[in-house]
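Novice: Dumping the structure here so I can ask a few things about it.
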Amino acid sequence: MPQKSDCSVFVADEAAMVMFGQQIAHATSGGEVIFLNGDLGMGKTTLSRGVLKGFGHQGSVKSPTYTLVEPYELGEVTVFHFDLYRLGDPEELEYLGIRDYFTDQSICLIEWPERGEGVLPPADLLLNITVEQRGRRINWQAQTEKGRQLADKLIIS
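For the working numbering, add 810 to where a residue sits in the sequence shown, where the first one is 1.
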């Protein structure tokens, strides 16, 4: 079994990606900003679905490609799922009131974070998803103390 310090896990299929997302949900304490990096089709939205499922969300999860953000109020936490793929200019985020999303009661999952560079706060946890064999490799790196605490709680099985 890999150790937490490995900061990497192989996910063989969609179900494993969802399960890893659930582990992330269970490891959060509130206020985390998580950047999801990976090419189109890598499973960023599937991972987000797992995080939401980990908080008890039962409905569908779609990529907010056109709306830029989808809020999910789940008990005492709100998960904001951002997809910045179609963002034309990072300054557009200011018109969204972007700073209001980042609170101690929210978890922010951000796909294509590089498109909001200069406006987004720093990530607590940075996830990179790449193809490996027939599955995906997820590498993560803590960027802040809150991110280190989250990463330390991730259980790899």
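Ideal Cβ placement from N, Cα and C applies to all residues, glycine included.
For Gly957, which residues from the same chain have a beta carbon less than 6 Å from its beta carbon, with the 5 sequence-adjacent residues on both sides left out?
Specialist: Counting from one through the sequence shown, the residue named residue 957 turns up at place 147. Closer than 6 Å at Cβ, skipping near neighbours: Asp934 and Leu935.
Novice: Expressed to the nearest angstrom, what Euclidean distance is found between the alpha-carbon atoms of Tyr1038 and Glu886?
Specialist: Because the chain here runs from 811 to 967, residue 1038 falls outside it and cannot be looked at.
Novice: Report the residue from Tyr882, Leu919 and Gln915 whose alpha carbon sits nearest the alpha carbon of Val843.
Specialist: The count along the sequence shown starts at 1 and reaches residue 843 at position 33. Answer by Cα proximity: Leu919.
Novice: Between the stretch 895 to 915 and the stretch 937 to 948, do three or more beta carbon pairs fall short of 8 Å?
Specialist: Touching, no, given that fewer than three Cβ pairs across the two stretches are closer than 8 Å.
Novice: Assign Tyr882 to one of three DSSP states: helix, strand, or coil.
Specialist: Within the sequence shown, numbered from 1, the residue matching residue 882 stands at position 72. Tyr882: strand per DSSP, three-state reduction.
Novice: In chain order, what are the residue ranges of uninterrupted alpha helix (DSSP H) at least 4 long that sit wholly in the stretch 895 to 940?
Specialist: 902 to 905
Novice: Tell me the DSSP secondary structure of Val828 in three-state form.
Specialist: Within the sequence shown, numbered from 1, the residue matching residue 828 stands at position 18. Three-state DSSP puts Val828 in a helix.
Novice: Between Leu937 and Leu846, which are expected to be in contact by the criterion C-beta below 8 Å, what is the C-beta distance as a whole number of angstroms?
Specialist: Within the sequence shown, the letter at position 127 stands for residue 937. Within the sequence shown, the letter at position 36 stands for residue 846. The pair is a contact, with the Cβ atoms about 5 Å apart (cut-off 8 Å).
Novice: Give the secondary structure of Glu942 by DSSP, where H, G and I count as helix, E and B as strand, and everything else as coil.
Specialist: Counting from 1 along the sequence shown, the entry for residue 942 is found at position 132. Three-state result, Glu942: strand.
Novice: Put Leu857 into one of helix, strand or coil per three-state DSSP.
Specialist: To locate residue 857, count along the sequence shown from 1; it is residue 47. DSSP places Leu857 in helix when its eight states are reduced to three.
Novice: Based on the DSSP output, what are the partners of Arg947 in its beta bridges?
Specialist: As a first step, residue 947 must be located in the sequence shown, where it is residue number 137. Arg947 pairs with Phe820 and Thr940.
Novice: In its own chain, which residues sit with a C-beta less than 7 Å from the C-beta of Trp922, not counting the 5 before and 5 after it?
Specialist: Position 112 of the sequence shown, counted from the start, is the residue given in the question as residue 922. Cβ within range, chain order: Asp893, Leu894 and Tyr895.
Novice: Beta-carbon separation of Gly841 and Gln915 under 9 Å?
Specialist: Along the sequence shown, read from residue 1 onward, the residue named residue 841 stands at position 31. Along the sequence shown, read from residue 1 onward, the residue named residue 915 stands at position 105. It is a contact, given that the beta carbons lie within the stated cut-off.
Novice: Tell whether a beta-carbon distance below 9 Å holds between His891 and Val879.
Specialist: As a working note, residue 891 is residue 81 in the sequence shown. As a working note, residue 879 is residue 69 in the sequence shown. Against a cut-off of 9 Å, the Cβ pair of Val879 and His891 comes out as a contact.
Novice: Apart from the five residues on each side of it in sequence, which residues of its chain come closer than 6 Å, Cβ to Cβ, to Thr855?
Specialist: By 1-based counting over the sequence shown, the position of residue 855 is 45. These residues qualify, in order along the chain: Ser873.
Novice: Taking 6 Å as the limit between beta carbons, can you name the residues of its chain near Gly987, skipping five residues before and five after?
Specialist: Summary: the structure shown does not reach residue 987, with the chain confined to residues 811 through 967, and so no result is reported for it.
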